[in-house]
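Encoded as structure tokens, the structure appears first; notes follow it.
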Amino acid sequence: MPKVIQAIYENGVFKPMGKVDLPEHQRVEINVTPPPSAVENTKALFKADAGLIRFIAEDDSLTWAE
Numbered sequence: 059m060p061k062v063i064q065a066i067y068e069n070g071v072f073k074p075m076g077k078v079d080l081p082e083h084q085r086v087e088i089n090v091t092p093p094p095s096a097v098e099n100t101k102a103l104f105k106a107d108a109g110l111i112r113f114i115a116e117d118d119s120l121t122w123a124e
């Protein structure tokens, strides 16, 4: 039965982010699907130019006013 797990790719190796219930040395097939970007997660919330939303969501130099 297919199961979705989250993993991190580091130094050429996929490392599961949690326990995986498989016997040792079990071969598996991996289908890599990157998580949605901040733009994809918020596009239904804002009615604005897609480029502006991407800039706001992904620009690390922007900070919230306090």
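Residue numbers for the sequence shown follow my numbering, so the first one is 59 and each next one is one higher. From the three backbone atoms N, C-alpha and C, an ideal C-beta is built for every residue, glycine too.
At a Cβ-Cβ threshold of 8 Å, Ala115 and Val86 do not count as neighbours. In the three-state scheme derived from DSSP, where H, G and I count as helix and E and B as strand, Ile114 is classed as helix.
Here Gln64 has Met75 as same chain residues with Cβ atoms under 6 Å from its own Cβ, once five neighbours each way along the sequence are excluded. Within the model, the alpha-carbon separation for Ser119 versus Gln84 is close to 44 Å.
Going by beta carbons, Lys73 and Ile66 fall inside the 8 Å limit.
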